Structures are given as C-alpha cells and as structure tokens.
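Its first residue numbered 108, the sequence shown is counted upward by one per residue in the working numbering.
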Amino acid sequence: MRSIGSALNLLLVSPLYFVWTVVALDLAQTPCTTLVQGKFFGYFSSFAVFPLNSSLCSWIIQNPDPRRYTLYMKILKPTGICDHQHIRTYQFDSFLESTRTYLGMESFDDVLKLCDGSTRYAFLQSNKQFLQMKQTAPPGVESWPVRWKPTKAQERDFSVEYLVVGNRNPSKAACQMLCKWLDACLAISSSSHPCGIMQTPCSCSGGEVLDQTSEILGLTRKKEDCYKDGIYLENCMSSPKDSSGAEFLGGWNSWSAWGDCTKDCGGGLQTRMRTCKPLPKEGLVCEGVLEEGRLCNRKACNTNGRYNSRSQSLRSTDNRKREDTDELQHYGYPAPQIGDPAAEEWSPWSVCSTTCGEGWQTRTRFCVSSSYSTQCSGPLREQRQCNNSAVCPVHGTWDEWSPWSLCSSTCGRGYRDRTRTCKPPQFGGNPCEGPEKQTKFCNIALCPVDGNWNEWSSWSSCSASCSNGTQQRTRECNGPSYGGAECQGHWVETRDCFLRQCPVDGKWQAWGVWGSCTTTCGGGTQRRDRMCYGPFFGGETCQGPKEEYKQCNDRKCPEPHEICDEESLASVVWKETPAGDAAAVRCPRNATGLILRRCILDEEGIAYWEPPTYIKCVSIDYRNIQMMTREHLSKAQRGLMGDGLSEVLQNLVEISQDGTSYSGDLLSTIDVLRNMTEIFRRAYHSPTSGDVQNFVQIISNLLSEENRDKWEEAQLIGPNARELFRLVEDFIDVIGFRMKDFRDSYQVTDNLVLGIHKLPANAATDITFPMKGWRGMVDWAKNSEDKVTVSKSILSSGLTETDDSSVFVVGTVLYRNVGNILSLQRNSTVLNSKVISVTVKPFPRSLLTPLEIEFSHLYNGTTNQTCILWDKTIGRASASASPPGAWSWRGCRTVPLDASRTKCLCDRLSAFAILAQLSPDM
C-alpha cells in the first residue's frame, strides 16, 4: 500500500493550491482528456483515467516551468498479462494543431516498459512542458479490444504517483519522498531495466535525506562510519535505522539521568550510565566509559556526626581483544589497581559473552569509604577476553560503491552504472544482501531526431448514416527535434463508407402529354397521367393525384360551311378539318417529319384548304448531315479534337447543287452552316481554303432559282433575310481573324461574290469592291456596275481603342438574286438593284466618312429611286423569338447619277439596295 502519511506531509508544505480539470484539449483530439495543472503531487488509477468502456483517452500533466521544476513519476505496473501496449507515455514541449505535430517529443515507453512484469515498479524523470500518457489502438485493429487479459479485474489496473520538485531549494517533504523513490529505483535497476531517475536536486543517502547542516558537521553518519576495526567509536551517533529501514542496535545508547548524590554534605558523587549494544553476530564492542560522575553537596558536615556511605567510582571498559592485553603494558596502559584497602573484593568472573569465538567476561567490586578513610581508586568493573572452541560465522559485507560510469551515449538517452564488491562470508556466514550493480538512465546532450509518425487512429464514424459517406483517420507527428527532418506524408486520410441504403421517398415523374379531347368542339376534357418512381428502402409513397384533367375545345362547334371537307390530293387523303386547324400527314418515304395543311375561311366565311407546306419535311440525306454536324459541335464544345468535318461540307455541296426537295431541307442546311461556324470558332478544326470555298458554295446553292419556291414557303414560318445576313456576317468574322496573313480573299460563285480583307490599322487603304480584274471573276459580276468604296478613315477613326497592333477584318458581299428571294416586290414597288453588304470587325461606333455604294438599276422606267438598308435595331423590343431587323430608308442618302444608276451615301454598316416605284404601265 502507498504511504498516506508522506503524501499528507507533502501536501501540507506545498505552497500552491491544486487544480484538477478535465477539458477537451486541441493537442489531444480525444474523446476524454484529463489535464493536470498546478499540482505538485498526486495519484491516479488507470481505471479512473482509462476506463475499459472508453477508448483513446489521455492523461496530461503540465510542468509550470521546466526551467525551475522537474517532474518525477512512480508507476505500479499491472499484475495481469499485457495483451498489447496500448498505453504510450511521452514528453513534449508543445503541439501544433495545424500539422498534428508534437514538438520536442521524447518517448518514455522504453523506460516504463509497462507490459514488462519482471519489475513491479517503474520510475521516470521529465524535464519538458508536458508529459502525456495516451491510450492508443493497436495497428490494424478497427474496434477497441480489452486492453488486459488477466484473471481478475483488479489485475488490469496500474497506478501512477507523480511529484513536481523545485530544482533549487526543494522542500524537505518532497526530498523525503523523492529519496525513497530513488533508493527503490536503484535497488531494482539492472542493465535491462535502468533506473529512470537520472539526477535529483536533493541530497539522498540510503533512502534518507541528509540535512545540509548535519552533513557539514559530521553529526549524522552512516552506520559503517561509527565503527572501525570492529569497535564502535566514542561520541559517534549512527543513524537510528539502517539502509533497509530496520532499527539499528549497535553502538552506545544515550546517557541516563543523573542519579542521587551519595552524601548529604561534605561532598558526594552523582553518576549516570549508558549501555553498549554490540551486534552479537558481529562480535563488536564499544570504546569509552560505561558511567561518569560529578561532585555534589560540597558543604561541610557537623563534627558531631559520622557518616558512612557507599559510593561507586566511575566504571570504564577495555576495548581490546585478548591477544592485545600484553601489548597494553608495553605501550604504557595502566594495569588494574589491586589491593586497594578501601575496596571490596572482586566478584567472580561472569559467563563468557559468546558461545563461539572470542567473547568477554566481566567482574565488579564496590568501594566502601568513610570520612576518615581515603577515596577508592581504580576501576569498579573489569573485562577480560574469553575464548570458546567454536568458530563464529562471518557474514559477507559490501565495499563502497564505485563512481558512476560515463554515459553510454554521447547524445540522447543512454545509461550509466556503478558496482560494489562483496567481501565473501566465512564459517557459514550469510552472503551480502542487495544488488551488486545499479543502472540508471542518463542524457548528457541532445541528439537530432527526425520526425516520425505515430500509428493511425481508428477510423471515425461514417459521415452519413445511410448511402455514401466518408470516414477519416488521423495520425500525429513526433518531432522533429533539435534539427531533425520533418515528417513526410499526410496527417489525415479519408475513405468512402456505406452503411446502408437510404430510404428513398416516391417521386412523381413528369406529367405525360395530354390525351386527345373527348370532343372536337363544344367543350370536352383531356387527361394526362404521371408515374410514381419508388418508394425504395422504406421511403414514403408519392403524395398527390396520379391523374389530372382539364377542359378542352370550348369553342362552339363549327357550322358545316366552316369545315373543310375530306379531300384527296397527290395521293394523300386530307381528313375533314374545322377552320383554324391544320391537318398533318407523314412526309414521303425519302424524308422525315410531317406535311401540314391549314383549313381557313375565305372572305365570305366559307372554309377552304390552303396548299400543303413541307416546312417540316427534311430529306434523309440532309437529315443525316445535320445529325453528323451536331455530333461534331458537341465534341468541339467539350474541347476535343476531331476530323471528318471537311467531308461533311463536301457532301453538303454535292447534295445542294441539284436544289432542295422540301423547304425543310432549306432550314436544315442553314442549321448545318450555323453549327459549322460555331465549330470554326474553336480549336476543334482549322478551316482550309477548300472548307471556305465549300461553305460559300453551299450558300450560293441555296440562293439558286430552283429554291425560290422553297424560300417563299420557308419565310411564312421560318427565317428570312435576317437569318441569311447574320449567318454570312458571322462566317466572315470567324474566317477573317483565323487568316494567318494580311491579305484579301475572294470567293466567287454563281449567286454571290464574297470578299474578306484582313488589314493592319497602321497600313489601311481604301477598299473598292468588287475587283473586276480578280482572277476567276464571273461574268455577271464583271459586267455589273455595282460597287462599294470603304474609306480607310473608317479603320483609323471612330473605332474603340485602336493602336498600331490592331487588326481589322472587312467583309463585302455582292448578292446576285437575293432580292427575288426576299419578295420585296409589291403592287407598286420593286427591288431595283442587287444587294451589297459591308461589315467591319471590330465594329466601329460611328462612321465619320460615309460609305459610297453605286447601284445599276435592274428595271428601266422606274421612278422614285430610294436607298434602303437592313436595320438590325428594328424589332429588338419585340417578344418574338426570331432575330430582329427590317428594311429601312433611315441612315442613307440617295444621290441619282443618271437614269440607270444611283449612289447611296450611308452612315452605318449593313446590307444595302435600291427600292423603286413602278410606272403605271409596267
């Protein structure tokens, strides 16, 4: 059992109050952490700090000032069999939470050896800011097992005592406990279990504290210091206890009190006595007197009376052995006085004091004196040696300890030891008791220690109670210390976890399409359904109705004359349809989609069929090219590289040369060209000169006379001039900036001439289009008087943030027959010229010098020639989904040149033409 008294004494002298707190420290990151602060002595049981029903707990004590205090610990190890070393002990200076690193960390596991049952106790000494005992999981073990496997519950427990001692002027109570710990630590030390206490601020000897004053005066000595050559010395008081803690019986006892005076007057004598207690087995005697006296009652007595008294003289002992008696006379020692007339006879010699070896016999006598006789002289007691035939056993005795050896390591933790020699026993004596060798740890210098990781912690709980989640585990870095390398790797790991499927509530799918109305007129109902997806894994069912109804066909039923009768046209049967609706049949086999035909009312309110429209029919060949182009665009939008785009353009050129079969083919081709332009903007494909030529050729094919009826049909519900102009403008923008050199590019076809001019800002020139001397120029363009002049001032003024490194792209297009397709002709007006468009990128904010466009008239005999342009700003506020734009006369000034030519001066970039008034006779 622990000594409670020592603990109480230490608590009484401690100058500080004690604080025991349990907090969640950042440096531990454990579910249960005990922090001890401001406490100089304490005790705990592992059951209290590391309960079996918990895991990863830790106990931390903080040294108030490592420069002024040193921490010592005494551990009573468990008696059970240690299954795994789950308790780690180490000291450190501080802990960095950001990198999970212990600074200045030093492990004490090899000092404590908690699982080594060969020693009952373990001791250690700590000189750093924190000391921690931490519960850790064994490597590779996910769940926390039982730490010990003993036969009894109490055998799982181990206990810890700790003591914080000042490095200067430590308290006596603290030193008393520390000296006992040091004595026990050295007593059980060995080469495999060195003592963990390396040095103390206390002066310790045999487990006792040496008072500094007594040590200087020599008043307190060890047992072996008070006798020499088998004789206890005079005036030497040995320690009342030997090193084992037992009462020591050898040497002089204290003097008794002074006795009564032998006379009432005339001078008497007082005596006091002491006894010698030699150890019988060691055969030792004491040197000095047994009794001593002093005078008393010295006043004179009356002469009438005579007093007799019996007094004793002082007694002394001879400390020599028998063979030394002859030497006493040789060296001048006085022989015993014999025959003193005032002394009585000697008593017989006593029995020999020992039963073996040499002993002692004593005899005594008394002094009888009166006032008329002389004082007795000589000793009252005599001793002589006696010899028995039996030989006494001689016990083994230890020599002095040797000095401590040098530390086994020049840096870091090492050990040093000391030894002593046993004088062997003789004649059956007992051997020497105690260790022959003592070992303790030492640390004379600091070694560089590389950082090293502790074991991974257990995986945390899954972040999700169901479905996919994550788990984390962490590890802590020990060190580095004193210039060592950092820990390499990560302090946290994450892995996926899946506990179970989460309950999934039922979810309604999108509503289906509305069913057909129950009636065609006069009010009916439509129904639509939706499906419930799920529930799964115990989720809730879908809430709400599964079916939905609405009113339909509320208009009154048409009269018989408001219904188009069933009709067969071009092998197609058009069923009876009320006015305002459209009938639909499948397109021919070489196309996909539907043919539409509307039933409308004439001016008299009689229903009739409009011609069928093929705007929704797309030929199979055009449809395939459209789908391939969309696949290429999807790849380009994902940043991929591709090939085969040039072949797609070439196929479309060949297909469109013979004209389109349906107006839907026209719209499909425009969609292909729009997607091609978007592809050319990206790194997916670099357009070649052949690709540019094919692109322009496809536009020319669309503008051929064979497609006029398709354009007229398409403009009813689809694109018109706005789509065409925007498509060509975007193409010029993309191709112009991707041209590598500053040059002009002309694309000449049967229905349009396209020019792309790439110019530097610092070397701009006037541009006249078209260049009739261009190689390969078609006849209709050579013979045309139409031209446009773009002044170089447009490229140097009115633009946003230009400098010498700026690049400009100017695009010009001459359309041969786009006016016929646009259907601008009315009852009294006609488009009286070709169409010329001009675009500049970057787009100028304004034109300081107007564009000059000269047109030759297409029709003679027209009047009121008016310049018009395509105005993109018209219709922008409209909610229509189609691009804005319309023809307008604003922005251009008309200058007649002669009867067949007109000049337009315009202050903006766009597409331009001449609109004229028809004469009445035309």
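Each residue gets a CB set at the ideal place from its N, CA and C atoms; glycine is no exception. Everything numeric in this text was worked out from a predicted model, so none of it was measured.
Whole angstroms are fine: how far does the CA of Val501 sit from the CA of Cys529?
13 angstroms
Mind reading off the beta-carbon distance from Gly211 to Lys241? Whole number of angstroms is fine, and I expect it under 8 angstroms.
16 angstroms between Cβ atoms; not a contact.
Residue(s) in a DSSP beta bridge with Val271
Leu178
With a threshold of 16 other CB atoms inside 10 Å of the CB of Asn934, please say whether the residue is buried or exposed.
exposed
Give me, in chain order, the residues of the same chain whose beta-carbon lies closer than 6 angstroms to that of Asp332; leave out the 5 immediate sequence neighbours on both sides.
Residue confidence is low: Asp332 scores 49 on pLDDT, short of 50, so the model does not pin down where it sits. No coordinate-derived value is stated.
Name the one or two DSSP bridge partners that Trp621 has.
Bridge partners of Trp621: none, in fact.
How many Å lie between Lys657 and Arg634 at the Cα?
7 angstroms
So Ser995 is in the beta strand (DSSP E); what residue range does that whole segment cover?
Ala993 to Ser995
Give me the DSSP bridge partner(s) of Met380.
Glu398
Which of helix, strand or coil DSSP assigns to Met638
coil
What do you get for Gly337, buried or exposed, if any count of 16 or more other CB atoms within 10 angstroms of its CB means buried?
For Gly337, the predicted model reports a pLDDT of 44, less than 50, meaning its position is unreliable and no value from the coordinates is stated.
Considering just the uninterrupted stretch of the alpha helix (DSSP H) at His739, what are its terminal residues?
Ile727 to Gln744
Cross-strand partners of Tyr589 (DSSP beta bridge)
According to DSSP, Tyr589 bridges with nothing at all.
Using CA atoms only, rank isn't needed, just tell me which of Val916, Cys164, Phe644 and Glu761 is closest to Ala612.
The sequence shown places Asp at residue 612, not Ala. Nearest option by C-alpha distance: Phe644.
Asn869 - DSSP class collapsed to helix/strand/coil:
helix
Compute the Euclidean distance between the alpha carbons of Gln822 and Asn575, then round it to the nearest angstrom.
55 angstroms
Using only the alpha-carbon positions, how far apart do Gln972 and Lys682 sit?
49 angstroms
Stretch pair the region 689-697 + the region 648-657: three plus CB contacts closer than 8 angstroms
no
Whole-Å CB distance - Cys286 paired with Cys311, under 8 angstroms assumed:
4 angstroms
Alpha carbon of Asn697 to alpha carbon of Arg704, nearest angstrom:
19 angstroms
In angstroms with no decimal places, state the Cα-to-Cα distance between Cys372 and Cys539.
59 angstroms
Looking at the secondary structure, which residues open and close the beta strand (DSSP E) in which Trp681 lies?
Val679 to Trp681
Since Leu759 and Ile732 are thought to touch, with beta carbons under 8 angstroms apart, how far apart are those beta carbons, to the nearest angstrom?
5 angstroms
Can you say whether Val599 is buried or exposed, counting buried as having 16 or more other CB atoms within 10 angstroms of its CB?
exposed
Integer-rounded CB distance, given that Trp618 should sit under 8 angstroms from Cys639:
So it is not a contact: roughly 12 angstroms between Cβ atoms.
Which residues does DSSP list as the beta-bridge partners of Arg923?
Note: Arg923 sits in no beta bridge, so no partner.
Measure the Cβ-Cβ separation of Cys604 and Cys573 and say whether it is below 8 angstroms.
no
DSSP-derived helix/strand/coil call for Thr784:
helix
Mind checking which residues open and close the alpha helix (DSSP H) that includes Ser944?
Element bounds for Ser944: not the alpha helix (DSSP H) but the beta strand (DSSP E), Val942 to Lys948.
Rounded straight-line distance, which links the Cα of Leu203 to that of Arg527:
48 angstroms
Ile194 versus Leu221 - alpha carbon distance
8 angstroms
What is the DSSP secondary structure of Leu1025, counted as helix, strand or coil?
coil
From the DSSP secondary-structure annotation, give me the bridge partner or partners of Ala689.
Arg705
Apart from the five residues on each side of it in sequence, which residues of its chain come closer than 8 angstroms, Cβ to Cβ, to Val1002?
Thr1009, Lys1010, Cys1011 and Leu1012
Please list the terminal residues of the continuous beta strand (DSSP E) segment that includes Trp716.
Ala714 to Trp716
Which residue from Gly590, His597 and Gly358 puts its Cα closest to that of Gln579?
His597
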